[in-house]
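Residue numbers (this note's numbering), protein chains in the order written: chain A, 1 to 115; chain B, 1001 to 1111.
By construction, the Cβ of each residue, glycine as well, lies at the ideal position given by its N, Cα and C atoms.
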Amino acid sequence: KAGVTQTPRYLIKTRGQQVTLSCSPISGHRSVSWYQQTPGQGLQFLFEYFSETQRNKGNFPGRFSGRQFSNSRSEMNVSTLELGDSALYLCASSFDAQGDTDTQYFGPGTRLTVL
Amino acid sequence: SQKIEQNSEALNIQEGKTATLTCNYTNYSPAYLQWYRQDPGRGPVFLLLIRENEKEKRKERLKVTFDTTLKQSLFHITASQPADSATYLCAFNQAGTALIFGKGTTLSVSS
Chain A
1 KAGVTQTPRY LIKTRGQQVT LSCSPISGHR SVSWYQQTPG QGLQFLFEYF SETQRNKGNF
61 PGRFSGRQFS NSRSEMNVST LELGDSALYL CASSFDAQGD TDTQYFGPGT RLTVL
Chain B
1001 SQKIEQNSEA LNIQEGKTAT LTCNYTNYSP AYLQWYRQDP GRGPVFLLLI RENEKEKRKE
1061 RLKVTFDTTL KQSLFHITAS QPADSATYLC AFNQAGTALI FGKGTTLSVS S
């Protein structure tokens, strides 16, 4: 089974621009989560989507948004980029069997650099 | 708010020894804890999950313990090898909430 894929793998933007990152989950997985990883803060949860609906949201400003499509693929968008948005953005999918625990399967990440 | 801490940022050990990593949590009673491994430039990979009613879980050379009284999980790698060098992350949540990750412990195993 193919793993989680993320595109693009690397991205360089300038302050004030916006960016869209894409994630394709493992086939059959219904939940997609996004994380931001920086050396200082570690892995921080951005949001989770399930059946095209945002189910959980982390403590990030409204400049960070996302969506999920009917085929479970997901995108996240960051508007008005700031230098501090430079990070590795990770997408993770899970099957989300109701009433049970769910392990996360991570993609390779998108390395975003804001200049 | 709930908090998860991994006590050591870095741990250096010699090949063949047992590595022990610590994860502590506060202001929360997680239903389960997960441990992940992350190599540089790659996404984390799931290793083990332990539930609150389980004291210990094993997988090959890996062992995880969960002490709800101490609010702590220990992650052990026995007979460590240089290939075990990586960053190890613990994470917890309850069903229906997002996973909260610790900042990780970077393990270096020297031959």
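Verify the CB distance criterion: does residue i have a CB-CB separation below 8 Å to chain A?
{"i": "residue 1042 of chain B", "result": "yes"}
{"i": "residue 1063 of chain B", "result": "no"}
{"i": "residue 1066 of chain B", "result": "no"}
Can you list the residues of chain A that residue i reaches, using a CB-CB cut of under 9 Å?
{"i": "residue 1161 of chain B", "result": "Because chain B here runs from 1001 to 1111, residue 1161 of chain B falls outside it and cannot be looked at."}
Output yes if chain B places a C-beta closer than 8 Å to the C-beta of residue i; else output no.
{"i": "residue 104 of chain A", "result": "yes"}
{"i": "residue 109 of chain A", "result": "yes"}
{"i": "residue 2 of chain A", "result": "no"}
{"i": "residue 56 of chain A", "result": "yes"}
{"i": "residue 11 of chain A", "result": "no"}
Name the chain B residues that come within less than 9 Å of residue i, Cβ to Cβ?
{"i": "residue 33 of chain A", "result": "1098 and 1099"}
Using DSSP bridges, identify the partner residues of residue i.
{"i": "residue 1067 of chain B", "result": "B:1072"}
{"i": "residue 1003 of chain B", "result": "B:1026"}
{"i": "residue 1107 of chain B", "result": "B:1011 and B:1086"}
{"i": "residue 1059 of chain B", "result": "B:1062"}
{"i": "residue 5 of chain A", "result": "A:24"}
{"i": "residue 75 of chain A", "result": "A:22 and A:67"}
{"i": "residue 1033 of chain B", "result": "B:1050 and B:1092"}
{"i": "residue 88 of chain A", "result": "A:37 and A:111"}
{"i": "residue 54 of chain A", "result": "A:49"}
{"i": "residue 1020 of chain B", "result": "B:1076"}
{"i": "residue 42 of chain A", "result": "A:38"}
{"i": "residue 1101 of chain B", "result": "B:1091"}
{"i": "residue 106 of chain A", "result": "A:92"}
{"i": "residue 11 of chain A", "result": "A:112"}
{"i": "residue 17 of chain A", "result": "For residue 17 of chain A, which the question treats as bridged, DSSP gives no partner whatsoever."}
What residues of chain A sit near residue i, judged by a beta carbon separation below 7 Å?
{"i": "residue 1103 of chain B", "result": "42"}
{"i": "residue 1092 of chain B", "result": "The contacting residues do not exist; residue 1092 of chain B stays about 10 Å from chain A at best."}
Using the beta-carbon of each residue, which ones in chain A are nearer than 8 Å to residue i?
{"i": "residue 1075 of chain B", "result": "Within 8 Å Cβ-Cβ: nothing; residue 1075 of chain B doesn't reach chain A, min ~15 Å."}
Against residue i, what residues of chain E qualify as contacts under a CB-to-CB distance less than 9 Å, listed in chain order?
{"i": "residue 90 of chain A", "result": "In the structure shown, chain E cannot be found, because the protein chains are A and B."}
Report the neighbours of residue i on chain B: residues whose CB is nearer than 7 Å to its CB, in chain order.
{"i": "residue 48 of chain A", "result": "1098"}
Inter-stretch contact at 8 Å, needing at least 3 Cβ pairs: the region 7 to 15 of chain A / the region 52 to 71 of chain A: Fewer than three pairs of CB atoms, one per stretch, sit closer than 8 Å, so the region 7 to 15 of chain A makes no contact with the region 52 to 71 of chain A.
At least three beta-carbon pairs within less than 8 Å, the region 1059 to 1067 of chain B to the region 1007 to 1014 of chain B: The region 1059 to 1067 of chain B vs the region 1007 to 1014 of chain B: no contact.
Contact the region 100 to 114 of chain A vs the region 1069 to 1085 of chain B: 3+ CB pairs below 8 Å: The region 1069 to 1085 of chain B and the region 100 to 114 of chain A do not touch, with fewer than three beta-carbon pairs separated by less than 8 Å.
Inter-stretch contact at 8 Å, needing at least 3 Cβ pairs: the region 24 to 37 of chain A / the region 80 to 96 of chain A: Yes: at least three Cβ pairs fall under 8 Å.
At least three beta-carbon pairs within less than 8 Å, the region 19 to 31 of chain A to the region 1012 to 1029 of chain B: By the criterion of at least three beta-carbon pairs nearer than 8 Å, the region 19 to 31 of chain A is not in contact with the region 1012 to 1029 of chain B.
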